[in-house]
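Structure record follows, encoded as structure tokens.
There are 4 protein chains.
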Amino acid sequence: MSQYRVLIDANDEKGLVHKVSTVFYKNDLNILTNSEFVDAQNNKFFMRSVVEGDIELNKLHQLISDVMPISANIEVIAPKKKNIIIMATKEMHALGDILIRHEAGELEANILCVISNYNDLESLVSKFNIPFIAISHVGLDREQHEDKILECLDGFEDIDYIVLAKYMRILTSKFTEAYENRIINIHHSFLPAFIGANPYKQAYERGVKIIGATSHFVNNNLDEGPIIAQEVIHVNHAYGWRDMQRSGKDVEKVVLSRALKLALEDRIFVYANKTVIF
Amino acid sequence: MSQYRVLIDANDEKGLVHKVSTVFYKNDLNILTNSEFVDAQNNKFFMRSVVEGDIELNKLHQLISDVMPISANIEVIAPKKKNIIIMATKEMHALGDILIRHEAGELEANILCVISNYNDLESLVSKFNIPFIAISHVGLDREQHEDKILECLDGFEDIDYIVLAKYMRILTSKFTEAYENRIINIHHSFLPAFIGANPYKQAYERGVKIIGATSHFVNNNLDEGPIIAQEVIHVNHAYGWRDMQRSGKDVEKVVLSRALKLALEDRIFVYANKTVIF
Amino acid sequence: MSQYRVLIDANDEKGLVHKVSTVFYKNDLNILTNSEFVDAQNNKFFMRSVVEGDIELNKLHQLISDVMPISANIEVIAPKKKNIIIMATKEMHALGDILIRHEAGELEANILCVISNYNDLESLVSKFNIPFIAISHVGLDREQHEDKILECLDGFEDIDYIVLAKYMRILTSKFTEAYENRIINIHHSFLPAFIGANPYKQAYERGVKIIGATSHFVNNNLDEGPIIAQEVIHVNHAYGWRDMQRSGKDVEKVVLSRALKLALEDRIFVYANKTVIF
Amino acid sequence: MSQYRVLIDANDEKGLVHKVSTVFYKNDLNILTNSEFVDAQNNKFFMRSVVEGDIELNKLHQLISDVMPISANIEVIAPKKKNIIIMATKEMHALGDILIRHEAGELEANILCVISNYNDLESLVSKFNIPFIAISHVGLDREQHEDKILECLDGFEDIDYIVLAKYMRILTSKFTEAYENRIINIHHSFLPAFIGANPYKQAYERGVKIIGATSHFVNNNLDEGPIIAQEVIHVNHAYGWRDMQRSGKDVEKVVLSRALKLALEDRIFVYANKTVIF
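See the structure below:
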């Protein structure tokens, strides 16, 4: 008995559910969960099923492809640990949360390595017997620095996701295009956000009563990719901007870990710079 | 073109989605939304589809029945305003919220009347040209009082839901069985709750930092039916029990209106004293 | 025995609490609640005390003034119902929530009248025996229209607060300066917000997972005054922008009523385009 | 210049704020923050001030004692890292969150050691160079086991708090009385809670739509001490009890760390089995 996650998105037309469920039925597959969504405005159909049965992955993929429109994207995935690489700079909270979850066996992921432009986090990462790779940006322009990182990444096979756990440098489109819909960032703000340096300081100056964090894919501009998860906390006049920053960290790590979990469980579709999450 | 909400629950078996979606496909129905859930532990299958097409309601019901197991419950519903009766006692917040939504045209419901065991709310209800019926309990035992209410209810045709908007009397099983899964209550607490009189006072004495409200169907014991919706707010040491009660009202009305909306949109399945909500 | 709310803000210096509490002590006043806050960055001191005792309001004000720095703002307020005027356009939810609270006796306020640039809300307002004044903007430029409203407002004595319950027109600085820190608005977004028309549509396009509302004083630019209260709700991919708008209404009314309550209880200080709320 | 946290609780009477603030003023102390609360029902006064100036701790304590009623509890505390001991059993999430915060320098605490009745967590704790002490309960009755732990604790000087980070054994009153108001527990439920084994299973069976966690002092019965912090998350019908448990862990660690932070900053008063938190 094998278990598969089947993800389909396609231009919507009548009969898609019928056709897929017929494949499942004829091959004696058990549907464990099934979610569908139609975006009428964009005429897009999304479906995620978890099925169980006695069939080869490739065979199932083929059978579904045979009945779906040519334009459809079809993924059939056997659940297994995904390979992730974490990029960070100096802050420990978001990275630490992922490391503990990994250590506790909560994470459906292998952490291949942690890459940073500083050495500060080496001590923490090393405790967990995870390779730490420092790639300093000092003396390099943005592209040179990224090239070194990309080269490093090329040394790994099958990277499923790159997690930016408070990686504080902007990525060029060369980088983001190489890993489209596979780079997960945590942004220390809602979106739309206070633009420019130190959003917590701006939030403080504005006198906001709520602060938040946003996890999203990075496809081009650092803060403008498809949103995966958001969360907030209430603050008040007694919070200076450093207090907001400190409280913000607790939201950031929660939101990033939540987004990562959704990605690892293959629950996210991306389209039109948005996400559908089942 | 007609639109229907199709609700099916059945003992789970392979092919249910296939069979229903085949009916949709063969009859050229467009699936607008589709939700499924399988409770593996109880071996129960739940499905709610909204479909659009050119078919009679009874025909569609028949076609689905033909392919479903005998044990299945099948509902095909043409969206229209449901008939509701509100029961209240003296408090205005939950009732008032529903009246304003009704007045604003937000509610998919006709309010047939408001029944109370006191006259206090007559002035409010009358403003909205909704019949107010006072049925005093004075001098009557519980059963006698309920019989008068039941008699009053019998005067209305097609009551879809009875909404207890802070109706402060316990209903007997004779009453609740007559309207199974159709009486929606708002309880001023989480469940499990502080048992006995004045839960806000008990919450205060216990020094809780969160209070909440629960909306649920009333099928037997007042506070033990299937939960539809819950919500909370944070409180602190500066809240006396009356402050908790006052803040609690804001949660109560929000939760009751949310539960009512779910019911009016035919989104709730009830089984095993729980709800599945799509 | 009288009860007073004492509000003081001043440039911070040593001894302020000592001096005020000495006045309270020497005059045999009982402190019921006492809150202080020092904004070290702006060197500002804020204090709100509720005291009880046998003293004239003017006498207490004089005694406190005698010991405070000249720069201090001192308010001594005997709790009583404030006079408010509500301005709205067509939407019912925020206005309706206030009307029901008023009817239930929950609001420490007299609603002097409701002013709208349309007639749509007259039917609702009239139910509650509250004057409804339609001042159409048709055929008038912004200033002419506002002048008619200002003239109308001049007909009322002692307006404490003007509540913009979804009043959909921008006010000029002439208007806002006439009622500085006394106009309470509800904005259908966080701040910073999606700028321009229909923020819900923009939020939808951006694929946000949280939407919110902000209540704030209107001192100049419509959306940029000191924030009083904010709240959010989670949304998902299944929400079209009209669903977001509908859910947003529930947040809007909650936040506006919360902000109004804070204002009516004299809990808000305004400075540096921010609020301190006790 | 020294900074002190001054905590006073006393039976309420007129002049307490006056008397304390006079001490501050006469000794040229700067008040950084000041919070007061009077519980009128219990006639109790609470005050927490953070002051700055040139004075000895003992001198300040004496001066305040001189003007306060004999019944008053007075604490003058120079902020410094507190000594904590963590007790755990097998689960990693709550312990891990504290370890990461400690490693990041976020925690105003020295972790003296981690004690567990199993060896499972030794590997994690050792990574952080914190002593791990396994004290197995196998073959011992409850009292014998606790005696060994108490003996171990006696080997440490100046334990400020004992943090039960999912320590799954009930403590006797002998233990809890030895560390009154100093043992902080995380309970995987609201209070009132589902009683008995596996509350997540009970929550699942009851069909709740919200689950939560409660951090509290353990003074007698494991789940009935003064509540410090609570938090919740929404769940739905698709959550099995293991999903609830998994999601519950995220709330548990957040709430425990929040409660610990409040304790380390000397923000908690305990009385009448409740807390006042400034």
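Chains as they are written, first to last, in my numbering: chain A, 1 to 278; chain B, 279 to 556; chain C, 557 to 834; chain D, 835 to 1112.
Here a beta-carbon is modelled for each residue, glycine too, at the ideal position from N, C-alpha and C.
At a cut-off of 9 Å between beta-carbon atoms, A/PHE128 makes contact with chain D.
Taking one beta carbon from each stretch, the stretch 251-266 of chain A and the stretch 210-217 of chain A have 3 or more pairs nearer than 8 Å; the two touch.
The beta-carbon separation of C/ARG738 and C/ASP716, rounded to 7 Å, stays under the 8 Å limit for a contact. Residue nearest to B/ILE355 within the set B/GLU369, B/PRO347, B/LEU338 is B/LEU338 (criterion: CA-CA distance). In this structure, C/SER679 sits away from C/TYR723, with a CB-CB distance that is not shorter than 9 Å. Check the Cα spacing between B/ALA366 and each of B/ASP436, B/VAL392, B/LEU285: the tightest is with B/VAL392. Counted as a single uninterrupted DSSP element, the alpha helix (DSSP H) harbouring C/SER803 occupies residues 797-820. Between the beta-carbon of B/ASP290 and that of B/PHE323 there is about 4 Å, and that keeps the pair under the 8 Å contact cut. Straight-line spacing of the CA atoms in A/ILE85 and C/LEU816 works out to 49 Å.
Across the stretch 40-57 of chain A, no CB contact with chain D closer than 9 Å is found for any residue. Secondary structure of C/GLN597 (DSSP, three-state): coil. Within the stretch 1011-1072 of chain D, the runs of alpha helix (DSSP H) that reach at least 4 residues and sit entirely inside it are, in chain order, 1033-1040. A/ASN236 has a beta carbon lying at 9 Å or more from every beta carbon in chain B. The beta carbon of D/TYR952 sits no closer than 9 Å to any beta carbon of chain C. According to the DSSP assignment, A/ASN73 belongs to the beta strand (DSSP E) that extends over 73-77. Secondary structure of B/LEU431 (DSSP, three-state): helix.
The beta-carbon of B/LYS292 is placed less than 9 Å from the nearest beta-carbon of chain A.
In summary, the residues of the stretch 1076-1110 of chain D whose CB is separated from some CB of chain B by less than 7 Å are ASN1107, LYS1108, THR1109, VAL1110, in the order they occur in the chain. For B/GLU353, no Cβ of chain D is located within less than 9 Å of the residue's own Cβ.
Pairing A/PHE190 with C/PHE746 gives a Cβ-Cβ distance under 9 Å. For C/ASN586, the chain D residues whose Cβ falls inside 7 Å of its Cβ are LYS848, in order along the chain. At a cut-off of 9 Å between beta carbons, A/PRO69 makes no contact with chain C. Contact annotation: C/PHE750 and C/VAL826 have beta-carbon atoms that are not nearer than 9 Å.
At a beta-carbon threshold of 9 Å, none of the residues of chain D lie near A/HIS137; the nearest stands roughly 23 Å away. Judged by DSSP secondary structure, A/ASP97 falls within the alpha helix (DSSP H) whose first and last residues are 93-103. DSSP places D/VAL972 outside both helix and strand once states are collapsed to three, so it counts as coil. When 7 Å is used as the limit between beta carbons, B/LEU402 is near these residues of chain C: GLU659, in chain order. Bridge partners of B/ILE286 according to DSSP: B/MET325, B/ILE352.
Only buried fits D/GLU980, as 16 or more other CB atoms lie within 10 angstroms of its CB. A contact between stretches requires three or more CB pairs, one per stretch, nearer than 8 Å, and the stretch 346-354 of chain B meets this requirement with the stretch 283-301 of chain B.
In this structure, C/ARG802 keeps its C-beta atom at 9 Å or more from the C-beta atom of B/GLU435. Excluding five sequence positions before and after A/LEU256, the CB atoms of its chain that fall closer than 6 Å to its own CB belong to ALA94, ILE186, SER215, given in chain order. Taking C/THR589 as the centre and dropping the five residues before and after it, the same chain places the C-beta of VAL606 closer than 6 Å to its C-beta, in chain order. DSSP places A/LYS82 in the uninterrupted beta strand (DSSP E) bounded by 82-88. Annotation for C/TYR827: no alpha helix (DSSP H) segment contains it, though the beta strand (DSSP E) segment containing it runs 824-827. When secondary structure is reduced to three states using DSSP, A/GLU36 falls in the strand class.
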